[in-house]
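Novice: So in our numbering the end of the sequence shown lands on 439, straight run, no missing numbers.
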Amino acid sequence: MNTALLMLEYQNDYFPNGRIALEKSLEATAKAQLVLNAFRDKKMSVIHAQHISTQPDASYLLPCTKGADFYHTVQPVKGETIIKKHYPNSFKDTTLLNHLIKNQINHLLICGMMTHMTVDATVRAAHDLGFTCTVLHDACAARQLEFNHSIINAQQVHYAFLAALQPTYATVMSVEDYLQKTGTRVPVLEG
249 MNTALLMLEY
259 QNDYFPNGRI
269 ALEKSLEATA
279 KAQLVLNAFR
289 DKKMSVIHAQ
299 HISTQPDASY
309 LLPCTKGADF
319 YHTVQPVKGE
329 TIIKKHYPNS
339 FKDTTLLNHL
349 IKNQINHLLI
359 CGMMTHMTVD
369 ATVRAAHDLG
379 FTCTVLHDAC
389 AARQLEFNHS
399 IINAQQVHYA
409 FLAALQPTYA
419 TVMSVEDYLQ
429 KTGTRVPVLE
439 G
């Protein structure tokens with residue numbers, strides 16, 4: 249399989265002091281950094297998806313704001329692909345599909361923010377387009393939601409959306425399990 253690491257929306261607004269800080273975003277990003285470093289060490293394909301909110305009522309990830317910038321520990325480096333997007337589905341109105349086809353990628357290793365929005369929408373779309381997907385659950389983060397006058401805590405939201413993805417849409421595993429399965433040494437964290 250030809251694998252690419254798809255890093256979804258590791259952007260400042262999702263972190264402490266951001267406009268919509270997610271629960272455990274720092275922990276998830278530390279895990280993502282391990283995989284990112286492993287892919288960089290092996291010179292494997294890395295794709296960063298950056299959401300720029302363009303809807304009139306948007307309140308976060310706004311154009312030309314620090315909140316829309318990539319988080320400092322997982323910033324793209326030269327040679328890595330950046331996909332700018334405006335919808336939860338990272339394929340909708342972007343160059344992602346063409347990039348994957350051009351580079352003969354057939355397996356996506358996916359992690360990012362938010363589990364219940366962009367991760368879910370992108371995994372389902374990727375599967376429907378014929379890609380094999382693996383989601384790194386501990387490198388993703390969610391936030392609490394409200395439904396029918398009930399608060400659903402972030403961990404329950406995270407777990408429910410991941411549970412719904414497997415086994416039909418993706419294999420879901422931890423970063424540690426993925427690195428062990430692929431025989432990858434655990435790289436040292438930067439920053």
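Even glycine gets a Cβ: it sits at the ideal position worked out from N, Cα and C.
Compute the Euclidean distance between the alpha carbons of Asn-354 and Leu-274, then round it to the nearest angstrom.
Specialist: For this step, residue 354 is matched to residue 106 along the sequence shown. For this step, residue 274 is matched to residue 26 along the sequence shown. Computed Cα separation, rounded: 29 Å.
Novice: Considering only their Cβ atoms, is the gap separating Asp-376 from Leu-413 smaller than 8 Å?
Specialist: Taking the first residue of the sequence shown as position 1, residue 413 is located at position 165. Taking the first residue of the sequence shown as position 1, residue 376 is located at position 128. Not closer than 8 Å, so no.
Novice: Per DSSP, which one or two residues make a beta bridge with Phe-379?
Specialist: Position 131 of the sequence shown, counted from the first residue, corresponds to residue 379. Paired residue(s): none; Phe-379 is not in a bridge.
Novice: Are at least three pairs of beta-carbons, each pair with one atom in the stretch 337–355 and one in the stretch 308–321, less than 8 Å apart?
Specialist: With the cut-off at 8 Å, the stretch 337–355 and the stretch 308–321 do not touch.
Novice: Secondary structure at Ile-330, three-state DSSP: helix, strand or coil?
Specialist: Here the question's residue 330 lines up with position 82 in the sequence shown. Three-state DSSP puts Ile-330 in a strand.
Novice: If contacts are defined as beta-carbon pairs under 8 Å, then Arg-391 and Glu-271 qualify, I think. What distance do you get, rounded to the angstrom?
Specialist: As a first step, residue 391 is located in the sequence shown; it is residue number 143 there, counting from the start. As a first step, residue 271 is located in the sequence shown; it is residue number 23 there, counting from the start. About 6 Å; that satisfies the 8 Å criterion.
Novice: Looking at the structure shown, is His-299 part of a helix, part of a strand, or coil, going by DSSP?
Specialist: Locating residue 299 in the sequence shown gives position 51, counting from the first residue. Strand.
Novice: Which complete beta strand (DSSP E) runs does the stretch 390–435 hold, if anything under 3 residues is left out?
Specialist: Within the stretch 390–435, the complete beta strand (DSSP E) runs of at least 3 residues are 393–395, 398–400 and 419–421.
Novice: Rounded to whole angstroms, what's the CA-CA distance from Pro-304 to Glu-394? Just pull it up for me.
Specialist: For the purposes of this step, residue 304 is taken as the residue at position 56 of the sequence shown. For the purposes of this step, residue 394 is taken as the residue at position 146 of the sequence shown. So the alpha carbons of these two residues sit roughly 23 Å apart.
Novice: Pick helix, strand or coil for Ala-280, following the three-state DSSP scheme.
Specialist: Translated into the one-based positions of the sequence shown, residue 280 becomes position 32. Of the three classes helix, strand and coil, the one that applies to Ala-280 here is helix, per DSSP.
Novice: Taking the beta strand (DSSP E) that His-355 falls in, what are its first and last residues?
Specialist: Position 107 of the sequence shown, counting from 1, holds the residue named residue 355. It spans 355–360 - the beta strand (DSSP E) in which His-355 sits, taken as one unbroken run.
Novice: Taking the alpha carbon of Glu-328 as the reference point, which residue from Leu-309, Gly-315, Lys-350 and Met-292 has its own alpha carbon closest?
Specialist: Reading the sequence shown from its first residue, position 80 is the one you call residue 328. Considering only alpha carbons, the answer is Met-292.
Novice: In whole angstroms, give me the CA-to-CA distance for Gln-298 and His-397.
Specialist: Translated into the one-based positions of the sequence shown, residue 298 becomes position 50. Translated into the one-based positions of the sequence shown, residue 397 becomes position 149. The straight-line gap from Cα to Cα measures roughly 32 Å.
Novice: Do three or more CB pairs link the stretch 425–434 to the stretch 278–288 at distances below 8 Å?
Specialist: The stretch 425–434, when compared against the stretch 278–288, does touch it at the 8 Å Cβ threshold.
Novice: Can you tell me whether DSSP reads Met-249 as helix, strand or coil?
Specialist: Here the question's residue 249 lines up with position 1 in the sequence shown. Met-249 falls in the coil class under three-state DSSP.
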